[in-house]
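Under the working numbering, the sequence shown is numbered contiguously, ending at residue 190. C-beta atoms are modelled at their ideal positions from N, C-alpha and C, and glycine is treated no differently.
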Amino acid sequence: SANIYIYDESGSTVKELAAWPGVAMTNEGNGVYSYTLPEGWGDNTQVIFNNGNNQIPAAQQPGFVLSAGSTMIYEDGTWKKEEVKDPVVSSSVVSGTEFSNSLQVTLGAENTTKATYSINGGAAKTYTNGQSITLGSDIAVGETVKLTLVGENSAGKTVTKTYTYKKVTKPVVTTAVAKIKLPSGWSS
Numbered sequence: 003s004a005n006i007y008i009y010d011e012s013g014s015t016v017k018e019l020a021a022w023p024g025v026a027m028t029n030e031g032n033g034v035y036s037y038t039l040p041e042g043w044g045d046n047t048q049v050i051f052n053n054g055n056n057q058i059p060a061a062q063q064p065g066f067v068l069s070a071g072s073t074m075i076y077e078d079g080t081w082k083k084e085e086v087k088d089p090v091v092s093s094s095v096v097s098g099t100e101f102s103n104s105l106q107v108t109l110g111a112e113n114t115t116k117a118t119y120s121i122n123g124g125a126a127k128t129y130t131n132g133q134s135i136t137l138g139s140d141i142a143v144g145e146t147v148k149l150t151l152v153g154e155n156s157a158g159k160t161v162t163k164t165y166t167y168k169k170v171t172k173p174v175v176t177t178a179v180a181k182i183k184l185p186s187g188w189s190s
């Protein structure tokens, strides 16, 4: 786990968010912890990370400067601006696929803090990466079902992808077949 000690020495007294060791950070996964500062901290804000035993920067060193509105990360020994990756949403089944009965799809969401899906313009429902849903069991042959996926990243950037699937009595088979006529010398 990780704590963050937040302070500002620019005034006549030191402003602290909380006394040492600071406040607990949120585990984002993959060894990354984060904390969003409340309103009111300016460009002279400094931060020190610690786990109760160790701290970065080291004792008696000034904290890292965290300017208002920035997103920074300490990674591989460097304090740097975090590059927020674009959100990506996907369906395991390509748009235009035909199906009979119902269609199971696996939803994808990468670099997202929030991902939702809606069916035929209905209410958006939150989903997580790898979640499976079943579509089309409630529609008639010849009708289509529209799946809309929306993902948002930590910077507030959104992406929307729409997939359309058609229910048919017998779907067009789009599988591929590979064959070999055994050459001489190969036994069957």
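If you draw a 10 Å sphere on the C-beta of L184, you find fewer than 16 other C-beta atoms in it, and that means exposed. Residue nearest to G124 within the set S139, L149, G153 and E112 is L149 (criterion: CA-CA distance). Between L151 and the set I121, K87 and G132, the nearest pair of CA atoms involves I121.
With fewer than 16 other CB atoms across the displayed protein chains lying within 10 angstroms of its CB, V34 is exposed. Residue nearest to Q63 within the set Q48, T73, T136 and A70 is Q48 (criterion: CA-CA distance). In the DSSP assignment, N29 falls within the beta strand (DSSP E) that extends over T28 to G31.
The C-beta separation of T128 from T115 comes to about 11 Å, leaving the pair out of contact by the 8 Å criterion. By the Cβ neighbour-count rule, N5 is buried, with 16 or more other Cβ atoms within 10 Å of its own. Here the alpha carbons of L109 and P89 stand approximately 14 Å from one another.
S189 has its alpha-carbon roughly 13 Å from the corresponding atom of I182. A direct Cα-to-Cα measurement between A111 and L105 gives close to 19 Å. For L151, the uninterrupted beta strand (DSSP E) segment begins and ends at T146 to E154.
CA-CA distance, W43 to T177, rounds to 59 Å. S92 has its alpha-carbon roughly 12 Å from the corresponding atom of S134.
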